[in-house]
Every structure is written in structure tokens, then in C-alpha cells.
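Chains as they are written, first to last, in the numbering used here: chain A, 1 to 745; chain B, 1001 to 1549.
The beta-carbon is built from N, C-alpha and C at its ideal position, and this holds for glycine as well.
Let me begin by presenting the structure, written as C-alpha cells, before commenting on it.
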């Protein structure tokens, strides 16, 4: 099935009694639709009221008027299916919660927790960390709501692809508004869902306005226009998928349309785009005066209030009496009143728990750290031995010499010598063999083997299901990885260059890094974004930056940057096993770097630095390729200047192992940080900041032990230039490190 | 020609004085420096010396009379001169402190100049009487001073010892005095200017003598010019003699704190920490890299001084700062110490009691408390507390013989001997009877800091009935201290030493501390003092009570 456009408004509206007779629903279900709509409505009216009283603070985007969409759609899915919500998400949260509320008591608790969340109370769904815009009960298949318009769609696509991969049969409903359909995330997501065959139903709640701008024009003088199409469902043509237009005020119509689309997704793994024409009673938010729409338009829509539409059907079709409907209304009103009281009586979150649940707390056994220390030292020694063997051994070709040297190292140290890129391939392959939940997605990761060969051969071993070539859609790549991680997979998303990270930073930060905390610690996002950075190939400013300072500025993210094949392999395996989102940044100039590594399965604890050379005169702290530069500089300092530099490889920038740095500075009194990223607010200054306040067992701080002002070496504050001499001039190099250290002593 | 002698300001806070003794009478011939009066201020009894040679023509005051400073008190004149004393009395501004009166320079300060200001020798270009007044070194650590008051004008006649400037250092405001008689020919500095030690301040010469402008210009540039361009007439020897006296020889090059009235020592945090650990005073150090003192500088200095990483407590170690054959000028503090100690030996007949206290428990208790206490407790704090307890049982230990009776102290104020760069000071810890050991510790900490910073007030120095002097930090086991005048006794505290002690047929190693009490026998008899000391000892041996009380 390819693109088709079906405007169901042209058909006779479905009768409830027909749905009952076809066994699609029961009469009780139909009455419960009305109850749910009333509950959402009273909830929103109450929130509006409490906002005015300043009892609820912050933003609240009210769903009143659109209830038929959430209630009809959520009624059309089964338990175990998944929804993705938006900033206008109280309706979705309310409807899905009712679906799981088996008893009246649980139903009341559901609304209690919703109201408490809006008030920022500890008893809320997200323990007061998310509030109106991030309300979610992630345990009941709600992927949560996002405050960034369009930002929730890639997550829904990823969740749908995860369910498909798991063969769970589950379908994902992705709710979003008309405004979201003009974002890049929408396009990237629809394209990805379409081409990957995601079991997804995209439900566009077209309430005609993206905040104040009409989607397709308005008679109001001065009002703008967001798009040149009237029906968003027509955009399904762009993705070659079915589109549907539905009366969003008619619960039965929404139910039926979504039910059809869900069945289609379940059986054909093909998505459908359903455009529900609807209207919001309130403005975009409470402060919106609604000057962009006419009173006549508002009245016309309010005449078709989903409460009226459904009530009329129930009465006309003699499924309920007026008294029964009044009783439903009264019951809903009481539920919300009780929920309000519950929320008012609830405790605030404790400020001392402010930082709880930013990360999943992870610890590593002491033996692992001890083994790493031994291995790291041995690997470095073996690597040096290999390097000198290469220079001394005889052979016809370089390859022959290299093979001989590798054999020698294996015999002498029990370690294999491999290139950085092969270490990365091995790490992924080992973890994919170990855990079927691990998969790879990204640009050119499949048959091409990755732009730098870091996924070479994996397609052949694991197939297209687990090594997924994507379109050039960074936001969809990272966003779908977030969605898949929320659904229990362990995605490895490759972003070809760290320079492309700003394109997907919304997904990485707001959803990947923040979801756990925003959702009160009830979710985890175990994903790895593998990327590369740095100068070294003369590919200029769009392909040569080091953006780790941006990334360490995101609470909830870990950032890992290896310097050797040994570190790369052990750290990547740890990153894949971590329950936290990890950005793993390789250096483009190191993929061919040879190094020794153990042959057995090993992982390196995240957040533990490695002292790569011991010294007493000065501490050099670095990571990634600059560690190699520091080691070269340290050799020269020792041989020619009698200066013993200690070289610390942070390996993990966040969490930062400041203890190892501080203990070293305690010994040497002098600190030089060496990084390839821009200096301002960079990693070096951050090391210094943490060192100053690091407190030793004797009460002294890192500051006390400094015998010279720390020096931060970093990239010049210029866009990385293409020309090689300029490129070299823009970053720290071994000779510059030598000069800096000499000047310090 | 007759001149009047005015009541000098004998201390920074002195506003008036009472004549308690007049040592001359009209017609007496006096020499410059002879004592004319004894004057009592609110702080002390001091001497007014004759500012010049001459004959006493009139005494303008009576014993018991209280006068503001600068009030005329005596008229000097030639042997046969006739002087109308009444004229002086009526002319004199009764109580207005008139320090700026240029025509009548203030009388000489009763104290000699703390350090001899250097003066330029007469040279060919200048007359034989030309004298350059230079910034004197008014304290051990003084490197520069700020001119806060100029008391003379060009053309004024000044006498040797007249105060020319008030100079503010990082420690105090001090007076720069005229090194010789003469007429002020030129003032080379301005108010507010900060001048390094030994830089020229003023040129004096005979009234008739002409001082060439070129000479003054050369002097003016002396401060800023490099050494090579110092005028020829300033000899190398003088330069050497003028080198500041510091703990370590100061090589040529920038000093640690090249400017600013408050001497800021630039040192790395690590250098400060190590200096603290090794007991090195950073102010005396010159950094090898000329920017700031680093760890290596401190370690070098520590090696030079031969210091060990040992905490000396209240008493700091002394480094060799003098050379043999050197004439060491008495500073004010040492002069006072000398006077008081001599007085004590002459007027306080002492007996001496020695006892050994087993402070094993105290050592353990102190270590335990210091783990949690915000103020670190020293042994002295416990000793002061124990003395307070003892005095409460033996109040006679606070007594002073006063004519026909013994006057007991109103409160338990104890002195604490503190060694400073400038000498020995024993400021008072007030009201020890009402203070817990923690209170005493906090009080002492503040007192020691202020003592070392030169920020003691006179209130900190008055009164007291006993002083604690602890030389234990230097390894001294026992010593006999000298009672501070005005007090009843002094306790000499020795080092705590591990000592083998017989106990029930066994030998135990215990921590013993020797206490020696010097007591004024005019007030207290041996038996009472012995009981008092034994009481103190018992408290130190059972220290829990000291903490509880």
C-alpha cells in the first residue's frame, strides 16, 4: 500500500450502536469515552483556574476541545501499545491512564498524580520534575511529552522500530500538532518511519493554529499563514504512506480511523498519517488573548464540542438517558475535585533530592578497575614495544613487518595489536553478540562500513535489522535511538562528524539526556551516540571541531573520548552496557593508530582516568589524541630538559575523575590541561574549577597544592581552517606543550 | 635665647599628662637629654627630657597638674638671660595641640630614635653641614613607609630628635625624627607618598648654607634610578650599610611586594601551605623567579634556616639575624622589656617552685577534642583554664602589695608570653575565670594573631596577675621565668616528655610536663603558692574537669 488520501468526513459519521454491534466496543466503553472526555475537560478547566490563582505555576497548554482525539485514539489501541505525547499532553496522559486504571481507586490515583505533577508535587507522575509539559507515566507505554514542538516525533518512530525489532506486535501512536508538521524533525521522522516500515500511526491534531499562526490562513487581518496546504494529511504523499482526514470532534470517528490504522500498522508494518481536524477552546496558553481567530469561528467549533457530539449520539441512539449522562458528568467533576485536593495536600519534592535521578547510578567492581590499571600499563608497554619492533624488524613489505611484530607482541605480552577502528568494530561486534538488544543505526554504517570504517563487517555478521543505514537525518537518527532506548533496546547511533551534533542536539539533550530526570527517574535511556571530531585531515570548519565542551554542559549525558585502541575498545563496551546516554567521540586522526589490547573480554569503567606516564614535576591532563601529543612532549621534556611530566588521560570527560587529577597535582604542584576544543568554558577550565574545590582527606583543597597558576592549552578561538599549516597552528602540538611546560617550571 | 619646653606627646594616644615629679629647679644647668619631669599618662609614667643644653629659667607647672600636650612646662635660656615666665604662661595656647607650629618645634621625644636614619656625608658640591634625612627603618620588618603627616616646613629650624614626619607602615604609625640639628632646606616627599626604607625624605643644613639644586635633583631621582646612577657622593659603603636587614640576604632584583602601603606577599597556595607547615615567614623571602614565591623558595629558606617540620606553637623559632660585632639598636619593645625585667629583679623578691605534672590524659583529651573542635585547643589554653581554677581557690595568688595592704585582683586576667619579630610581648587574656577552655582558646588565637600582626591595643597589655610562658616548643624542660611587674607570679611551662615513672612496682612511660612558678614573696608565702601549684597540677592531670567547667 502506498500513498492514498481518505477524507472520512465525507462519509456518514459512524454510529456508536454500529460499533457495538460489530463488537468493536461495548456500551460501557462508549459511556466511558464520555466520562474520560469530561475528566479531561474538568481537569483543564481546573488547571486554568489554578493557574489564575498561581497555585499551579509555569506553562500549561490546555487540551480542552480536543478530547475526542486522545480518548478515541487511546481507545483504539491495546495495552502494551505505546503513545508519544506533546506539550499539549494532558489529554493523552489522561486517556492512557484511564485505560490502565483497572479500578475506581486506581483511576482516582491516576488523576491525583496528574494534578500533583502540574502543581510540582512529589506525588506527581514525574515527582514534580516534569510538570505540565513533560507529564508522563512512562511505565504505561507513554513515551512522555516534549516541550520542543516536533521533538517528540523521532522518539515515537524509534519506539515503533524497536517494537518491530522485538517483534512484540505493539504499535506506536505519535500525537503531534499541526505546528510540528513544519519542523525538520517531522519530515525526518515520517521519512524514516516510512522507509524503515515502522508500525506507527501519526496522529496530527490540527487545531488550526501553531500558537498564533494559522496553519492555512485566517480571515483575521494581520494573521499569518504557516503552510500552503489546507490538509496536512496530503503530506503523506511525500512519504508514500496512507493519509486520512478525520472529524476530530467525533470520538467514534477518531476511534474507528485509528483502529483501522493500528490494524494496518500491526499487520503490514506500514504507518498511516491521520489528520484530526479539531480546535482548542483556550488559547495556546493561559496568557493568549486569541486575537488571531474570530469569535464566530470559536462559536462554530464550540457547537461541535466533543461532549455535545458524543452525548447527542448516546441519547439519539438510546444508549443512555439524560440522567445517566448527568451522573457521568458529576462523577468526573468529583474525580477532578478530589484530585485537586490530593495535589494540594501533597508534599513538595525535597531540595536535598535535587540532583537525584539525573543519572542511573552505576558502580563498577574494584577488581575491574584494578584489572584495567594493569592492562592499561601493559598495553602501553606492549604498544611501545610494537612501535620499536616495526622500526627494527626486517621484511619485504610493511605488512609483513607489521604481522611479524604483532606475532612477537602476542608472544611477549599476550596482547593483540590492532588499529583504533578495528578496536571499535570489535567492541561493537562483541556487545552485539552478547546482547541482542544492541543495534547500530546511522549514515553509511551498513554496506559502506562507516565513514571511518568503524562499523566495517558488522552488516555482514548482524544483517540489516541490526545494522541500519539511515537517510541523512541526524535528528531522526538520534531521536529514534532515544525512542528505542526508552523501549528497552541499546542503540548505537553513529553521527558521522561531531560537527553535525548541533542538528540533533535537541534530541540528544532534551530527550536523550533529560528524559530520565524529567520523568522523575521512572525512565532510562541506555544509548550510545558514536561520533568523531578533531582536526587532522584538512577538512575545515564544518568537519574538524571538538565540541565536547558543549556536550559536558548537558546534565544527564556522559562523554567518553578514548586515546588508544585499548581504551577505545574497553570504554565503548562499557558505554554500550551503561544505562545512561553516552556520547563516544573518536578522533579522526587516530582511526589508524595501532595499539595493543588484551584478547579477552574486558571493559574499562567509565569515569576513571588513566595515568599514562608518571612524573613528579608537572601534571599534564588530556584526553583523546592530545594524550599522544602529551606523551610525546613528556618524552622530550624528560630526555632533553630533565623534566618529569605526569600524563593523565581522562578517558571519560563526564563523569570526570578529578580525584586522579588532584592526587597528581598534590604531588607535582603544577597543572597543564591539553585539549583540542575551544578554550572558553572548555574542558581545561572545568578541570581547574573542579581541582580548586577538590578536598583531600586532610581538609586541604586542590588549590592549596598549586605552585603555579594552571595553564589551559586548547584550540585557538578560530573556526578550524582548512590549510594544513593553519590547522596545525590552531591546536596544541607536542612542541607547544614542551614550551608551555618549560615556561611553567 | 630663651625657649620654652612643651609637654610632648609621649604615645600615640596620649592627649594629656600629669606632672608627678619635677627633677630640676630654676637656675639648674641641664644638658640635652637630661630628664626634666616625670609625667604620668593614662598608660604609664614617662620622662620628659631636655631638648637642648641650657639653664632652667622657669618652671611653668606644679606637681599634680594635668596638662594637654604641647602645653609649655619649662623655659630654658642662657645662664644670664632674664626670662619673664609669666609671658610664656599667658602666650602659650593652653591646651591646643599645636604640632604644626613651625617656629617652635616640638620638644624631643623621650625615646631615642628607634633606628638611626642614614644621612648623606658632606660632599664637595654641598656645604659641610648638609644632611640628608632618609626613611628610617622603624621596625624589624619595615621595608617602606607612607608619609601621613609632615610636621615641619622648609625654613624651619629643627633639633636632633624633633619629629619631622609621621610615617605609616603596615604595622603602625611611627615618627621619623631629625637625625641632627639644622634648617629644613628641602622636603623631598609629599603627603601620601610611600617611600622605601633609606630613600631621601628631607635635606637639612645650616641656615646660611646653600644647597645646590643639582644635588636635590639627584636625590629626587635616587629612588627611581638604578643603582649605577646613584650620585657619586653616595658611597658604596653607605649603600651597603643601608641595605635592609632581613632574614636572608636580599639579592638585587624586584622585591616581593614592590608597591602598595600594605605589604602583599605574592606566593603560590602551595608555597603558603609549605611555609605554614615549616614555620617559614614568607615576608622575608625573595622568589627565585621574581614573580611570586613558590614551594622551592620556601624549601630553600627552610634549609638555610635549618628548620624542621615542627609546630612550635605560640613561641616561634628564631633564626640568626645578627652578625658578630654588630651594634643592634634597641627597639622600643626591647627597651621596655629591659626596663621591666630589671625593675622586677630589683623590686620583686621571688621564690621558685617546681613541680611535674603527668599530662598523659591531657595529651589524649586534647587530641580527641581537636578532631571535632572548630578552634584548635593548645596546651596553654588548658593551663590558663587550670590556673583560673586554682586562683578561685587561692585568691591570694592575685594579690599586689599596696602600702599597708594587699590588694586582690578584681578579675582573673592572665598574661600569655608571645614571641614576635620585634621581641617579647605578654598580652592579657581577660577574665579567664568566666571562660571555658574553648573560649580561652578562641581568645588566645585572636590575641596571638593580633600580636603577630602588630594590632594589639593598650587594653591588651594592662593588668594581669600571672603570666604563662611556655618554652616547651623549643624542647626546654624547665626554666625560671621573671615576674612581670604588677603581677604576682609567672608560670614557666616546659616541654612534655615521655618519662619512665615507677608505679606500683611497674615502670610506666608517662607524659610529664615541668611547671616552674616564680612568686612574689612580698605577697604570697611558700605554703600557699605550693598548694596553689599542686592544685593546678592535679587539674592538668585530670583534665576532664577543665573541659566541663
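Asked                                                                                                                            : Found
CB contact check: residue 708/A to chain B, cutoff 9 Å                                                                           : yes
Status (buried if at least 16 other CB within 10 Å, exposed otherwise) for residue 1049/B                                        : buried
Buried or exposed by the 16-neighbour rule on C-beta atoms within 10 Å, applied to residue 693/A                                 : exposed
Cβ of residue 48/A within 9 Å of any chain B Cβ                                                                                  : no
Contacting residues, own chain, Cβ-Cβ under 8 Å from residue 505/A (five flanking each side not counted)                         : 550
Rounded Cβ spacing between residue 1052/B and residue 1006/B (contact assumed at less than 8 Å)                                  : Contact doesn't hold; Cβ gap of about 13 Å is too wide.
C-alpha distance - residue 1450/B paired with residue 1456/B, whole-angstrom precision                                           : 6 Å
Stretch-stretch touch, CB-based, cutoff 8 Å, three pairs: the stretch 1469-1479 of chain B with the stretch 1438-1454 of chain B : no
Buried versus exposed, by CB contacts within 10 Å (16 or more), residue 1183/B                                                   : buried
Closer than 9 Å to chain A by CB, residue 1148/B                                                                                 : no
Min CB distance residue 700/A to chain B below 9 Å                                                                               : yes
Residue 1388/B (DSSP reduced to helix, strand or coil)                                                                           : helix
Euclidean distance between Cα positions of residue 38/A and residue 150/A                                                        : 28 Å
Buried or exposed by the 16-neighbour rule on C-beta atoms within 10 Å, applied to residue 1221/B                                : exposed
Segment limits, beta strand (DSSP E) that includes residue 490/A                                                                 : 490-495
6 Å CB neighbourhood of residue 1113/B in its chain, flanking five on each side removed                                          : Annotation note: pLDDT 39 at residue 1113/B (below 50); position unreliable, coordinate value reported separately. The answer, listed in chain order, is 1177.
Within 7 Å of chain A by C-beta, residues of the stretch 1262-1287 of chain B in sequence order                                  : 1268, 1269, 1270, 1271 and 1273
Extent of the continuous alpha helix (DSSP H) to which residue 1021/B belongs                                                    : That residue, residue 1021/B, is in no alpha helix (DSSP H); its beta strand (DSSP E) goes 1016-1022.
Closest residue to residue 407/A among 382/A, 734/A, 343/A and 423/A (Cα-Cα distance)                                            : 382/A
Euclidean distance between Cα positions of residue 706/A and residue 1291/B                                                      : 15 Å
Simplified DSSP assignment, three categories, for residue 1172/B                                                                 : coil
Partners in chain B for residue 469/A, counting only beta-carbon separations shorter than 8 Å                                    : Those within 8 Å of residue 469/A in chain B number zero; the least Cβ separation is about 55 Å.
Cβ-heavy atom distance, residue 1484/B to the ligand PLP, below 8 Å                                                              : Of ligands this structure carries none, so the ligand PLP is not represented either.
9 Å Cβ cutoff, residue 1375/B in contact with chain D                                                                            : Absent from the structure is chain D; the protein chains it does hold are A and B.
Contact with chain B by residue 615/A, beta-carbon distance below 9 Å                                                            : no
Simplified DSSP state of residue 1467/B, which is helix, strand or coil                                                          : strand
Residue 1514/B - partner residues in DSSP beta bridges                                                                           : 1356/B
Cβ neighbour criterion (16 or more within 10 Å) applied to residue 348/A                                                         : exposed
Three-state secondary structure assigned by DSSP to residue 1307/B                                                               : Note that residue 1307/B scores 44 on pLDDT, short of 50, meaning its location in the model is unreliable and no value can be drawn from it.
For residue 1602/B: DSSP bridge partner residues                                                                                 : Here chain B covers residues 1001 to 1549 and nothing more, so residue 1602/B does not appear.
Bridge-paired residues (DSSP) for residue 1055/B                                                                                 : 1029/B and 1077/B
Top-ranked residue by Cα proximity to residue 597/A, from 621/A, 742/A and 417/A                                                 : 417/A
Beta-bridge partners of residue 645/A, as assigned by DSSP                                                                       : 618/A
Paired residues, beta bridge with residue 1419/B - DSSP                                                                          : 1424/B
contact_flag[the stretch 481-497 of chain A, the stretch 142-161 of chain A] where n(CB pairs < 8 Å) is 3 or more                : yes
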